[in-house]
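For the sequence shown, counting from 1, position 2 maps to -5 in my numbering; every step adds exactly one.
By construction, the Cβ of each residue, glycine as well, lies at the ideal position given by its N, Cα and C atoms.
The model shown is predicted, which means the values in this text are computed figures rather than measured ones.
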Amino acid sequence: MTALTGTALRLTIFIGESDLWHHKPLSSEIVHRAHKAGLAGVSVFRGVEGYGASSRIHTARLLSLSEDLPLCIVMVDAAERIRAFLPQLDELVGEGLAILDEVEVVRHAIRAAAR
């Protein structure tokens, strides 16, 4: 893998923690597919509170009954690689939000292989 520099695209996907793909967490399926597609990297962030199209608030507060916390999946790579990945999201994400924004990569360090 070569280091990513300059202009790139950031794909951010907002889904729920309870969203599944064939009885597996949807976030995990997205990460594995992005890895298989050779994207530069992906991170999944778990929210402590939020709401989406349903307007139902999901929270991690102790007294809350919600177990469907918001997840945010973020990946950054060259525009053509991110755009090539989008059809997989159409297949995977039935409910959620995906956004693209242009970013400038100022540092993308790659660890040298162990000798």
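Could you tell me the alpha carbon to alpha carbon distance between L2 and P80, rounded to whole angstroms?
Rounded to whole angstroms, L2 to P80 spans 16 Å at the Cα level.
Looking at the structure shown, is A30 part of a helix, part of a strand, or coil, going by DSSP?
Residue state, collapsed to three classes: coil.
In the DSSP output, what is D70 paired with across the bridge?
The partner list for D70 (beta bridge, DSSP) reads L2.
Suppose contacts are defined by Cβ-Cβ distances below 8 Å. Is L32 in contact with R74 by that definition?
Yes. Within cutoff.
I8 by DSSP, collapsed to three states: which one?
Note: I8 maps to strand in three-state DSSP.
Would you kindly check if the distance between the Cβ of A27 and the Cβ of F78 is under 8 Å?
A contact, by the Cβ cut-off of 8 Å.
In the DSSP assignment, find the beta strand (DSSP E) that holds D94 and state where it starts and stops.
First-last of the beta strand (DSSP E) with D94: L90 to V98.
Among residues of its own chain, excluding the 5 on either side of A102, which ones have a beta-carbon nearer than 8 Å to its beta-carbon?
The answer, listed in chain order, is A(-4).
Taking DSSP as the reference, what is the three-state secondary structure of L79?
In this structure, L79 counts as helix in the three-state DSSP scheme.
Taking the CB atoms as reference points, tell me whether A72 and I6 lie closer together than 8 Å.
In this structure, I6 does not lie closer than 8 Å to A72 by Cβ.
Can you give me the C-alpha to C-alpha distance between E95 and E88, rounded to a whole angstrom?
Roughly 24 Å separates the two Cα atoms.
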